[in-house]
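K.L.:
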Amino acid sequence: MKRAACLIVGVFLTFICLADPSRPFGTNLLSNVDNLDIKADQWSITNGVLTKNSLLYQGDKLLVVKASVVEVPIWYVLTCSLTNVQKRSGPLPEAGLIFGYVDDKNYWSVTIGGEQTAPILKLTQVAGGRVVTEKRVPFVMKADQEEVQLRVEVHHQIWVKAHVNNSKELIHNVSGGITQGRIGLALTSGACDFSRGKISGIGKH
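Each residue of the sequence shown is one higher than the one before, starting from 3 at the first, in our numbering.
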């Protein structure tokens, strides 16, 4: 009887952890500009907001978090808020989150883009420098909305789930698995500010 009770308690605690992946640990990715493999003199972090020092600077399209900053688990959630700093009537910047990063020719990303009147959420897998997986889905933005909240849940052996503004927009089942690699931010076109960048997960292994 006692053994059965312990088993029930164990299952219950496991369920709590699975239901709240931020419970065991979390890391603020934007606490310091030195957390990222970028040209630090081209970026600034003020009050937790990462900003380009000059909109003319076109480098650092993949802002990868250094391996020493966080140990990426097999199941985790990446979150970030993106603020468009371009003309409100123009296209959105193509920006978002990267994961499974091995190098600039091998990684996964979830980004936003498109026109502000017809925004697009895009999942991309790049392998050997080529796009081998791409999924696009539309999402809704308010006319006066400047900030987009992006949340990506990654299980390296099963799936990727992407949420925009707290709505689930995209699910992709992973057939061949995802290399754990590193994580980070993406800004492949346009300009935007990043804030509230965080990784949280169930466990470190």
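Backbone N, C-alpha and C fix where the C-beta goes; we use that ideal spot for every residue, glycine too.
All values derive from a computational prediction rather than experimental measurement.
Let me know if Ala-188 comes out buried or exposed under the rule of 16 or more other beta-carbons within 10 Å of its beta-carbon.
P.N.:
buried
K.L.:
DSSP three-state label for Asn-167, please.
P.N.:
coil
K.L.:
Can you list, in chain order, the residues of its chain with a C-beta nearer than 7 angstroms to that of Ala-193? Leave out the 5 residues immediately preceding and following it.
P.N.:
Lys-54, Leu-57, Val-87, Gln-88 and Pro-95
K.L.:
Reducing DSSP to helix, strand and coil, say where Gln-147 ends up.
P.N.:
coil
K.L.:
Determine the closest residue to Gly-1 out of Gln-127, Leu-99, Tyr-109 and Pro-140, with distance taken between C-alpha atoms.
P.N.:
Any property of residue 1 remains undetermined from this structure, which presents the chain solely from 3 to 207.
K.L.:
Quick one: residues in its chain with C-beta nearer than 8 angstroms to the C-beta of Ile-160, no 5 flanking neighbours on either side, listed in chain order?
P.N.:
Asn-175 and Val-176
K.L.:
Report buried or exposed for Ala-164, applying the criterion of at least 16 other Cβ atoms within 10 angstroms of its Cβ.
P.N.:
buried
K.L.:
Should the segment 150 to 157 be called in touch with the segment 74 to 88, which here means at least 3 C-beta pairs below 8 angstroms?
P.N.:
yes
K.L.:
What runs of the beta strand (DSSP E), each 3 residues or longer, lie entirely inside the segment 46 to 126?
P.N.:
51 to 54, 64 to 67, 77 to 86, 96 to 105 and 108 to 117
K.L.:
Taking Lys-200 as part of the beta strand (DSSP E), name the residues at either end of that continuous run.
P.N.:
Per DSSP, the continuous beta strand (DSSP E) segment holding Lys-200 begins and ends at 194 to 203.
K.L.:
Please return the same chain residues whose Cβ sits closer than 7 angstroms to the Cβ of Ser-191, not counting the five positions on each side in sequence.
P.N.:
Pro-95 and Glu-96
K.L.:
Which two residues bound the contiguous beta strand (DSSP E) that contains Thr-135?
P.N.:
132 to 140
K.L.:
Would you say Ile-122 and Arg-138 are within 8 angstroms of each other, going by their C-beta atoms?
P.N.:
yes
K.L.:
Which residues mark the beginning and the end of the beta strand (DSSP E) in which Ala-188 is found?
P.N.:
184 to 191
K.L.:
When DSSP labels each residue in this structure, what does Val-35 get in the three-state scheme?
P.N.:
helix
K.L.:
Distance check for Leu-64 and Ala-129, CA to CA, integer angstroms please.
P.N.:
Rounded to whole angstroms, Ala-129 to Leu-64 spans 15 angstroms at the Cα level.
K.L.:
Per the DSSP calculation, Val-176 is bridged to which residue(s)?
P.N.:
DSSP lists no partner for Val-176.
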